[in-house]
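Participant:
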Amino acid sequence: MLLLLLVSWLGARAQGPADSLATLPPKRELRGFWIASVENIDWPTTRGESAVQYRAEYRRLLDAGQRAGLNAVFMQIRPASDALYKSDLEPWSKWLTGQQGRAPAGDPDPLPYLISEAHKRGMEFHAWFNPYRASLDTVTRRFGALHPYRTHPEWFIWYGKTLLYNPGLPAVRAHITRVIMDVVKRYDIDAVHFDDYFYPYQEPKLVFHDEATFAQRPEQDIARLDDWRRNNVNILIRDLHDSIRTAKRWVKFGISPFGVWMNKSADPNGSDTRAGQPSYSALYADTRLWLQKGWIDYVVPQLYWSTNFRLVPYGTMLDWWTRNRYGRHLYIGHGTYRMLESTRSDTTWRNPRELPRQVRLNRSYDGDVSGSVFFSAKSLRENPLHTTDSLRLDLFRAPALVPTMPWLDATPPRPVAGFALTRAGRVATMSWQPGPPAADGDVAAYYVLYRFGPGEYPTPDDPRHIIALPRATAGRGATFIDTTAKEGLSYAYYLTAVDRLHNESRPVNLRTNGQLPTEIVMASMPGLATAPAVVPAAPEASNLKFPKLGALDPDAEAAGNKFKVKKKTKKRGFFGRLFGGGD
Numbered sequence: 106m107l108l109l110l111l112v113s114w115l116g117a118r119a120q121g122p123a124d125s126l127a128t129l130p131p132k133r134e135l136r137g138f139w140i141a142s143v144e145n146i147d148w149p150t151t152r153g154e155s156a157v158q159y160r161a162e163y164r165r166l167l168d169a170g171q172r173a174g175l176n177a178v179f180m181q182i183r184p185a186s187d188a189l190y191k192s193d194l195e196p197w198s199k200w201l202t203g204q205q206g207r208a209p210a211g212d213p214d215p216l217p218y219l220i221s222e223a224h225k226r227g228m229e230f231h232a233w234f235n236p237y238r239a240s241l242d243t244v245t246r247r248f249g250a251l252h253p254y255r256t257h258p259e260w261f262i263w264y265g266k267t268l269l270y271n272p273g274l275p276a277v278r279a280h281i282t283r284v285i286m287d288v289v290k291r292y293d294i295d296a297v298h299f300d301d302y303f304y305p306y307q308e309p310k311l312v313f314h315d316e317a318t319f320a321q322r323p324e325q326d327i328a329r330l331d332d333w334r335r336n337n338v339n340i341l342i343r344d345l346h347d348s349i350r351t352a353k354r355w356v357k358f359g360i361s362p363f364g365v366w367m368n369k370s371a372d373p374n375g376s377d378t379r380a381g382q383p384s385y386s387a388l389y390a391d392t393r394l395w396l397q398k399g400w401i402d403y404v405v406p407q408l409y410w411s412t413n414f415r416l417v418p419y420g421t422m423l424d425w426w427t428r429n430r431y432g433r434h435l436y437i438g439h440g441t442y443r444m445l446e447s448t449r450s451d452t453t454w455r456n457p458r459e460l461p462r463q464v465r466l467n468r469s470y471d472g473d474v475s476g477s478v479f480f481s482a483k484s485l486r487e488n489p490l491h492t493t494d495s496l497r498l499d500l501f502r503a504p505a506l507v508p509t510m511p512w513l514d515a516t517p518p519r520p521v522a523g524f525a526l527t528r529a530g531r532v533a534t535m536s537w538q539p540g541p542p543a544a545d546g547d548v549a550a551y552y553v554l555y556r557f558g559p560g561e562y563p564t565p566d567d568p569r570h571i572i573a574l575p576r577a578t579a580g581r582g583a584t585f586i587d588t589t590a591k592e593g594l595s596y597a598y599y600l601t602a603v604d605r606l607h608n609e610s611r612p613v614n615l616r617t618n619g620q621l622p623t624e625i626v627m628a629s630m631p632g633l634a635t636a637p638a639v640v641p642a643a644p645e646a647s648n649l650k651f652p653k654l655g656a657l658d659p660d661a662e663a664a665g666n667k668f669k670v671k672k673k674t675k676k677r678g679f680f681g682r683l684f685g686g687g688d
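Here this note's numbering is used: position 196 in the sequence shown is 301, and no number is missing along the way.
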């Protein structure tokens, strides 16, 4: 009987950690927000601010996102054929400087700063372009000298009070591609991002007059107007995808379409909804085709409806998109701004549980939904109904790595070298050197440091044990100081290197003794000098495995520790001078 009880107890002890993994927050999940510059929605808040002012505003937005647990920013840098960066192709944006074409005072180019501040906070920078909107100003004499309307007025069509590019013209597609590729080549962006504006949303008594272009149908032979319009957009998406891949293989390409592709009543492949302007038929944006063809790396449908909205229920649309993502990443666009409105047509948004409910629904589609993006930054910062607090304290309480994209890169970087720790009391200082480039030439972009205490099972799948995501510095080592460990306890630290596309290396690990007043510990093996095998990973799957190891036993550390442990004397010797530490 005692033997049976012992076996049962050991089985429960072994099974416990595995069972708990089912309820863990995801280790990989994109969490982002849109920063809209058009009409000064989010940033900058006022036109013509000084560089000091708009930089401080931008940092505050990023800080708010970082506190909420976000790891990506979608920054609108081309709202209407203008630029929030130094361009020789289009004029400076009036939403930045107050007058289109006027350069910002004291700042030759804001974009490198915007990118670097995002990267400092561990956030991807997705450069957001509106491809076809040319102006919201009907007075053309206000256009900057570089606005293409001044040299090619034949490229444009007025639609009410909005000036739009004509997507049917090859010259227009070439110009848009040239503008975007200029940014791809000159700046350290992580992705090119489009919103939902392709052909214009239909308005009563307005007609988009592209009849003359359709009659000519340059380079095409398509009989139906709607098919021709969709093909015009398809060509832009396809060609831009190819251009980005040729220029920089690590730059992603993503689209954020209107949430409904087609209603099922009009197309059997559509969703069981009653949306007024589906993107396929109204905006001529065939996002589903782009996913099938692999022309985009991710899709962020704007599901700005609540779970109780009858015409387009959130859950119905979520399920449809999971079945139509075709192996590419699906992130969900959430309408957090709805909580700042009266929401008379969708009162569920007045419930503080609605946004957390949507995030939990996303996670219930494990492997199909890879994250969330919130519109917009202002609404997240203002913490409506304390929902940002819910993200920070609950759903996003543990850090998350951005999901990998194996079709772009499945080769992990090499492990770090020279991982060492010095401890004095509860303060542990770790240092390491970057490993050599991987087989594909990639080096570490950042690192993941895990910590496990007594009774905890080392596993890479539990993000609650991630204590830091230090950024890599080209050609230099890195240092991290852990001040949160409890004195007198033994800890295991695991360190991995992560490349630009978030592939994670094999870990290097060490353990502290915990009983000594001071100690120096060096990992038993530095990063290996040989190249790891290139194993294509399944989408959103992790190849990272920690060595099999039971729960840490504080009473067995001295006997079981295979790593180099030294007790420091009060006199600081060579290792003391090299690695630091207390007296």
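Cβ coordinates follow ideal geometry from the N, Cα and C atoms, glycine included.
If we count Cβ pairs, one from each stretch, closer than 8 Å, do we get three or more for the region 299–306 versus the region 187–203?
Facilitator: Short answer: they don't touch.
Participant: Out of curiosity, what's the CA-to-CA distance linking M627 and Y555?
Facilitator: Going by the C-alpha atoms only, they are around 16 Å apart.
Participant: Taking the runs of the beta strand (DSSP E) that are 3 residues or longer, which of them lie wholly in the region 176–206?
Facilitator: Counting whole runs of 3 or more residues, the region 176–206 contains the beta strand (DSSP E) stretches 177–183.
Participant: Exposed or buried, what is D587 when buried is set at 16 or more other beta-carbons lying within 10 Å of its beta-carbon?
Facilitator: Classification of D587: buried, given that the 10 Å Cβ count is 16 or more.
Participant: Go ahead and pull the three-state DSSP assignment for K357.
Facilitator: Strand at K357.
Participant: Between P612 and T601, how many whole angstroms is the CB-CB distance? I'm expecting something under 8 Å.
Facilitator: Indeed they touch by this definition, with Cβ atoms about 5 Å apart.
Participant: Grab the span of the beta strand (DSSP E) containing N614 for me, first residue to last.
Facilitator: That run of the beta strand (DSSP E) goes V613 to R616.
Participant: Work out the CA separation of K353 and V288 for me, nearest whole Å.
Facilitator: Each residue's Cα considered, the two are about 11 Å apart.
Participant: Can we count H607 as close to the ligand PLP, meaning its CB is less than 7 Å from some heavy atom?
Facilitator: No copy of the ligand PLP appears in this structure; indeed no ligand is present at all.
Participant: Let me check one thing: in DSSP terms, what residues is A704 bridge-paired to?
Facilitator: Residue 704 is absent from the model: the chain starts at 106 and stops at 688.
Participant: Work out the CA separation of V507 and L606 for me, nearest whole Å.
Facilitator: Each residue's Cα considered, the two are about 8 Å apart.
Participant: Could you tell me how far apart the beta carbons of A590 and R136 are, in whole angstroms, since I believe they sit closer than 8 Å?
Facilitator: Rounded, the Cβ-Cβ distance is 27 Å, inconsistent with contact.
Participant: Can you tell me whether P559 is helix, strand or coil according to DSSP?
Facilitator: In the structure shown, P559 sits in a strand (DSSP, three-state: E or B).
Participant: Tell me G438's beta-bridge partners as DSSP assigns them.
Facilitator: Q407 and V478.
Participant: According to DSSP, is T588 part of a helix, a strand, or is it coil?
Facilitator: Correct three-state label for T588: coil.
Participant: Taking the beta strand (DSSP E) that V626 falls in, what are its first and last residues?
Facilitator: From DSSP, the beta strand (DSSP E) with V626 extends over T623 to M627.
Participant: G375 and Q407 - do their beta-carbons sit closer together than 8 Å?
Facilitator: Taking 8 Å as the Cβ cut-off, Q407 and G375 do not qualify as a contacting pair.
Participant: Taking the alpha-carbon positions, what's the A390 to H439 distance?
Facilitator: Distance between the alpha carbons of A390 and H439 is about 20 Å.
Participant: Considering only the alpha carbon of each residue, which of L615, S536 and S595 lies closest to G560?
Facilitator: Of the listed residues, the one whose Cα sits closest to G560 is S595.
Participant: Is there contact between the region 327–339 and the region 255–263, where contact requires at least three CB pairs shorter than 8 Å?
Facilitator: The region 327–339, when compared against the region 255–263, does not touch it at the 8 Å Cβ threshold.
Participant: With a cut-off of 8 Å, do at least 3 Cβ pairs link the region 478–487 to the region 136–146?
Facilitator: At 8 Å Cβ cutoff, the stretches touch.
Participant: Tell me the DSSP secondary structure of E609 in three-state form.
Facilitator: If DSSP states are grouped into helix, strand and coil, E609 belongs with the strands.
Participant: Using DSSP bridges, identify the partner residues of V532.
Facilitator: DSSP output for V532 lists A529 as bridge partner(s).
Participant: For L345, does the count of other Cβ atoms within 10 angstroms reach 16, so buried, or fall short, so exposed?
Facilitator: Result: buried.
Participant: What residue range does the alpha helix (DSSP H) around T318 cover?
Facilitator: E316 to Q321 is the span of the alpha helix (DSSP H), which, as asked, contains T318.
Participant: Roughly how many angstroms lie between the CA atoms of R458 and T441, to the nearest whole one?
Facilitator: In a straight line, the C-alpha of R458 is about 12 Å away from that of T441.
Participant: Our contact map puts T516 next to A544 with C-beta atoms below 8 Å; I'd like the distance itself, whole angstroms only.
Facilitator: Indeed they touch by this definition, with Cβ atoms about 6 Å apart.
Participant: With a cut-off of 8 Å on the beta carbons, I'd call L268 and Y254 a contact; round off their distance for me.
Facilitator: About 7 Å; that satisfies the 8 Å criterion.
Participant: Using CA coordinates, which residue listed in E229, H231, R160 and L166 is at the minimum distance from P215?
Facilitator: For P215, the nearest C-alpha among the options comes from R160.
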